[in-house]
Amino acid sequence: MQERTLSILKPDVVERGIIGNVISYIEAAGLKVVAQRMCRLTVSQAEEFYDVHRDRPFFPELVKFMTSGPVVVQVLEGNRLYLYTEMLWVLRILKRLLKGL
């Protein structure tokens with residue numbers, strides 16, 4: 003069964019000019035980009051989207067970062083998308099751990 007999920011390529015990805023690289027990675031993982039749009043989030047949109055983090059100390063910086071430049075909003079389609087999401091979390095954790103070395 004095909005599942006769909008939301009993906010946001012953050013302002014640093016757009017600024018670094020690596021949108022194509024990220025899309026290639028997504029497609030190599032067996033996912034399909036079925037919709038895509040570049041936009042700039044407003045403060046209220048970012049606050050609403052990340053509302054689950056509102057009480058966390060990093061919330062103001064997160065909103066500031068997500069509104070600092072354009073983002074690419076995508077709808078991804080594929081099988082077992084939860085595996086892709088879990089893989090991304092593992093990669094983020096590894097990246098943070100390696101920065102400390």
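For the sequence shown, the working numbering gives the first residue as 3, with consecutive numbering after it.
We treat Cβ as the ideally placed atom computed from N, Cα and C, and that holds for glycine.
Could you spell out where the alpha helix (DSSP H) holding residue i opens and where it closes?
i, result
"Ser46", "Val45 to Phe51"
"Met68", "Phe61 to Met68"
Per DSSP, which residues does residue i bridge with? Please list them.
i, result
"Lys34", "Glu79"
"Val73", "Cys41"
"Glu5", "Gly80"
Tell me where the beta strand (DSSP E) around residue i begins and ends.
i, result
"Arg18", "No beta strand (DSSP E) holds Arg18; the alpha helix (DSSP H) holding it covers Pro13 to Arg18."
If you count every other CB in all the chains shown that lies within 10 Å of the CB of residue i, and 16 or more means buried, which is it?
i, result
"Met40", "exposed"
"Met2", "Because residue 2 is not part of the residues shown, which for the chain are 3 to 103, the question remains open."
Measuring only the C-alpha atoms, how far is residue i from residue j?
i, j, result
"Leu1", "Ser70", "Any question about residue 1 goes unanswered here, given that the chain covers just 3 to 103."
"Asn81", "Gly32", "8 Å"
"Leu96", "Met3", "30 Å"
"Glu50", "Lys101", "30 Å"
"Asp57", "Ala48", "14 Å"
"Phe60", "Asp53", "12 Å"
"Leu30", "Tyr86", "Checking the displayed sequence, the identity of residue 30 turns out to be Ala instead of Leu. Rounded to the nearest angstrom, the two C-alpha atoms are 11 Å apart."
"Phe67", "Lys34", "27 Å"
"Arg6", "Ala37", "11 Å"
So with Cβ pairs under 9 Å, would you call residue i a contact of chain B?
i, result
"Arg98", "This model lacks chain B altogether, as it is built from one protein chain only."
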